[in-house]
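K.L.:
Below is a structure I'd like to ask you about.
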Amino acid sequence: MTADHPPQPAPDGAASPARRGRRAVVLVAAVLVLITGAAAYAVRATAPAPVADRSFDTTAPGRLLLRSDGRIAAVPLSNPAAAPTIGSASCDRFSTANGTTLCLVARPGTPPTTSALILDRTLKETRRVGLAGVPSRARMSASGRMASWTVFVTGDSYNQGGFSTWSGLLDTRTGYLITNMEDIPLTLNGRRYHSEDVNYWGVTFASDDNRFYATVSTKGRTYLVEGDYGAWQARTLRENAECPSLSPDGTRLVFKKRLSSGEWRLHALDLATMRETPLAERASIDDQVAWLDAGTVMYAKGGDLWSARADGTGVPSLLAKRASSPSAPS
Numbered sequence: 000m001t002a003d004h005p006p007q008p009a010p011d012g013a014a015s016p017a018r019r020g021r022r023a024v025v026l027v028a029a030v031l032v033l034i035t036g037a038a039a040y041a042v043r044a045t046a047p048a049p050v051a052d053r054s055f056d057t058t059a060p061g062r063l064l065l066r067s068d069g070r071i072a073a074v075p076l077s078n079p080a081a082a083p084t085i086g087s088a089s090c091d092r093f094s095t096a097n098g099t100t101l102c103l104v105a106r107p108g109t110p111p112t113t114s115a116l117i118l119d120r121t122l123k124e125t126r127r128v129g130l131a132g133v134p135s136r137a138r139m140s141a142s143g144r145m146a147s148w149t150v151f152v153t154g155d156s157y158n159q160g161g162f163s164t165w166s167g168l169l170d171t172r173t174g175y176l177i178t179n180m181e182d183i184p185l186t187l188n189g190r191r192y193h194s195e196d197v198n199y200w201g202v203t204f205a206s207d208d209n210r211f212y213a214t215v216s217t218k219g220r221t222y223l224v225e226g227d228y229g230a231w232q233a234r235t236l237r238e239n240a241e242c243p244s245l246s247p248d249g250t251r252l253v254f255k256k257r258l259s260s261g262e263w264r265l266h267a268l269d270l271a272t273m274r275e276t277p278l279a280e281r282a283s284i285d286d287q288v289a290w291l292d293a294g295t296v297m298y299a300k301g302g303d304l305w306s307a308r309a310d311g312t313g314v315p316s317l318l319a320k321r322a323s324s325p326s327a328p329s
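Spelled out as structure tokens, the structure:
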């Protein structure tokens, strides 16, 4: 069943005493990423800025929502290569569904931080959550109720100076917030698991707004986990499956799998049989895909937006140039 909030974690993502002793400081590398982005923006700013459509509505039918030149935008589903209609919101990552949008905005500084903005159908801000770190992933549930994000942070005592991740959840109906889900009780290979190096990222929601899937890493390994929001617990399903995305019918996940070469390849997983199928995309894809329809996924590659069949057949297709963070219409 769908609960209004999980019973175990404290509000606003309060962590255990051990974890409260750690507060993230973002790497200098992350600062350089933001500086590079700012420099690129300064170059683009010499060209006339696109004029935002004041009637922009994320629920308008027949459109694909995406990020174009840093702004939330829309293109016709019948012609994704068309010039985009630009909205008023600028995001580094975003996801939208059923009239609710999650927009992650990087805030340069020392250390950099992130603002997670909840926007209505006209992109008007309704809530703001301050986060540590640099934006990485954003995902809304199909109903528009549940929002999840992942940010890159560092400084955790276990992390030895490298990046770690914090993933949060927000129930937009009740307002219940968890800024870091790393304390969710985890069962790994059938046994209750405890470790200071647990990290989660890449959440995807089922249609009931209760079941979710995500990646967890610990001891140098990554696992696909299935979570229960109401019961506030998670269990591993298999190893080496990152950034999952659940199909609209809830039967399949598409994820990125790390190969021995260090590259990631997109695979589909049948949840009933646990059989995996490689997709036709042969490039290394570092993205959490979104579903365009029941049989097709979308993802960022080389600065553009591409699609591929989720059954492994066909060939990848270019959807839109200079685009990312796609969301199919509800």
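Just so we're aligned: 167 in numbering that gives the first Met the number 0 is position 168 of the sequence shown, and the numbers increase by one with no gaps anywhere.
Yeah, the Cβ is synthetic: ideal placement off N, Cα and C, and Gly gets one too.
These numbers come from a predicted model, not from an experiment.
Nearest-angstrom Cα distance between Ser-89 and Thr-113?
P.N.:
Taking the straight line joining both Cα atoms gives about 13 angstroms.
K.L.:
Out of Pro-134, Ala-105, Leu-236, which has the shortest C-alpha to C-alpha gap to Ser-163?
P.N.:
Among Pro-134, Ala-105, Leu-236, the Cα nearest to that of Ser-163 belongs to Pro-134.
K.L.:
In this structure, does DSSP put Tyr-298 in helix, strand or coil?
P.N.:
Three-state result, Tyr-298: strand.
K.L.:
Tell me, please, which residues DSSP counts as bridged to Asp-170.
P.N.:
Bridge partners of Asp-170: Met-145.
K.L.:
Counting only the same chain and skipping the five closest in sequence on each side, list residues whose C-beta sits under 7 angstroms from that of Pro-79.
P.N.:
Excluding positions up to five away in sequence, the list reads Leu-63, Leu-318, Ala-319.
K.L.:
Check whether the Cβ atoms of Ala-141 and Ser-244 lie closer than 8 angstroms to each other.
P.N.:
Cβ distance not < 8 angstroms, so Ala-141 and Ser-244 don't count as in contact.
K.L.:
When you compare only the Cα positions, how much space is there between Ser-216 and Arg-136?
P.N.:
Ser-216 and Arg-136: Cα-Cα distance of roughly 16 angstroms.
K.L.:
Can you list, in chain order, the residues of its chain whose CB lies under 7 angstroms from that of Lys-372, leaving out five sequence neighbours each side?
P.N.:
Here the chain has residues from 0 to 329 only, and residue 372 is not among them.
K.L.:
Can you give me the start and stop residues for the beta strand (DSSP E) that Lys-256 sits inside?
P.N.:
Note, Lys-256: beta strand (DSSP E), 251-257.
K.L.:
Alpha carbon to alpha carbon, how far is Ala-131 from Gly-167?
P.N.:
One C-alpha to the other measures close to 11 angstroms.
K.L.:
Quick check on Arg-251 - is its C-beta less than 8 angstroms from some C-beta in chain D?
P.N.:
This model lacks chain D altogether; it includes just one protein chain.
K.L.:
When you compare each of Gln-232, Ser-147, Gly-174, Ser-194 to Ile-183 by their alpha carbons, which one comes out closest?
P.N.:
Here the closest residue by C-alpha is Gln-232.
K.L.:
Residues in the same chain with beta-carbon distance under 6 angstroms from Tyr-192, minus the five sequence neighbours each way, listed in chain order, please.
P.N.:
Here the set comprises Leu-185.
K.L.:
In terms of alpha-carbon separation, which member of Ala-105, Thr-57, Pro-110 lies closest to Arg-127?
P.N.:
Selected option, being the one with the closest Cα: Ala-105.
K.L.:
Straight-line CA distance for Ala-327 to Thr-57?
P.N.:
C-alpha separation (whole angstroms): 10 angstroms.
K.L.:
Mapping the DSSP letters down to three states, classify Gly-201 as helix, strand or coil.
P.N.:
Looking at Gly-201 - three-state DSSP - the assignment turns out to be strand.
K.L.:
With burial defined as no fewer than 16 other Cβ atoms inside 10 Å of the residue's Cβ, what is the status of Arg-66: buried or exposed?
P.N.:
Arg-66 comes out buried.
K.L.:
Does the Cβ-Cβ distance between Thr-125 and Ala-146 come in under 8 angstroms?
P.N.:
Their beta carbons are not under 8 angstroms apart, which means Thr-125 does not touch Ala-146 by this criterion.
K.L.:
Count the other CB atoms, across all protein chains shown, that sit within 10 Å of the CB of Gly-201; report buried if there are 16 or more and exposed otherwise.
P.N.:
Gly-201 should be labelled buried.
K.L.:
How would you label Leu-258, buried or exposed, when you count the other beta carbons within 10 angstroms and need 16 or more for buried?
P.N.:
Leu-258 should be labelled exposed.
K.L.:
Assuming Tyr-199 and Glu-225 form a contact by the criterion Cβ under 8 angstroms, report the distance between their Cβ atoms to the nearest whole angstrom.
P.N.:
About 12 angstroms separates the two Cβ atoms, so there is no contact after all.
K.L.:
Please classify Gly-86 as buried or exposed, where buried requires at least 16 other C-beta atoms within 10 Å of its C-beta.
P.N.:
So Gly-86 ends up on the buried side.
K.L.:
Tell me, which residues are paired with Arg-136 by DSSP?
P.N.:
BP columns for Arg-136 point to Thr-149.
K.L.:
Please determine, among Leu-187, Pro-315, Gly-229, Ala-115, the residue with the shortest C-alpha to C-alpha distance to Thr-214.
P.N.:
For the residues Leu-187, Pro-315, Gly-229, Ala-115, the minimum Cα distance to Thr-214 belongs to Leu-187.
K.L.:
Are Ala-293 and Asp-227 close, meaning C-beta to C-beta below 8 angstroms?
P.N.:
No.
K.L.:
Can you tell me which residues form a DSSP beta bridge with Val-288?
P.N.:
DSSP, once it has assigned bridges, lists no residue as partnering Val-288.
K.L.:
If we ignore side chains and look at the alpha-carbon of each, how far apart do Arg-281 and Leu-236 end up?
P.N.:
One C-alpha to the other measures close to 25 angstroms.
K.L.:
Can you pull the DSSP bridge partners for Ala-102?
P.N.:
The amino acid occupying residue 102 in the given sequence is Cys; Ala does not appear at that position. According to DSSP, Cys-102 bridges with Phe-93, Leu-116.
K.L.:
Could you give the DSSP three-state label for Gly-189: helix, strand or coil?
P.N.:
Coil at Gly-189, not helix or strand.
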